[in-house]
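Student: Take a look at the following structure, please.
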Amino acid sequence: GDFNAVPGVTNEQGLIGTAPNLVAPEKRPLSSMTPTIVAQNGRPLLAAGSPGGKTIINTTMQVILNVIDHGFNIAEAIEAGRIH
Numbered sequence: 044g045d046f047n048a049v050p051g052v053t054n055e056q057g058l059i060g061t062a063p064n065l066v067a068p069e070k071r072p073l074s075s076m077t078p079t080i081v082a083q084n085g086r087p088l089l090a091a092g093s094p095g096g097k098t099i100i101n102t103t104m105q106v107i108l109n110v111i112d113h114g115f116n117i118a119e120a121i122e123a124g125r126i127h
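Residue numbers (the numbering used here): 44 to 127.
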């Protein structure tokens, strides 16, 4: 899995780390997973994430902005067009 601390050793989730996914300075993750929880006044407001390879980060951000800045409900935010 991504960013396992030690190659060949199973982490808490049962994933075995590999050299390409080792945490190190100036490395990039092999995944763009961005599970996100947005809080307001210390309470959860929205949980978001996305499939989609290299568009995951943009998609997640745009859905969140559609809800927060544009007042869309979650269905409208997901269905809205996106820029990548």
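Backbone N, C-alpha and C fix where the C-beta goes; we use that ideal spot for every residue, glycine too.
Alpha carbon to alpha carbon, how far is Ala118 from Ala91?
Tutor: 12 Å
Student: Please tell me whether Val110 and Ala120 are closer than 7 Å, where the distance is taken between their beta carbons.
Tutor: yes
Student: Could you check the C-alpha separation between Gly44 and Met76 for me, to the nearest Å?
Tutor: Bear in mind that the predicted position of Gly44 carries a pLDDT of just 46, short of 50, making it unreliable; the figure below should be weighed with that in mind. Those two C-alpha atoms are separated by around 12 Å.
Student: In chain order, what residues of the same chain have a beta carbon less than 7 Å from the beta carbon of Thr102, not counting five sequence neighbours either side?
Tutor: Around Thr102: Ser93, Gly95, Arg125.
Student: Among Lys97, Gly57, Thr53, which has the Cα closest to the Cα of Leu73?
Tutor: Taking only the C-alpha atoms, the option nearest Leu73 is Lys97.
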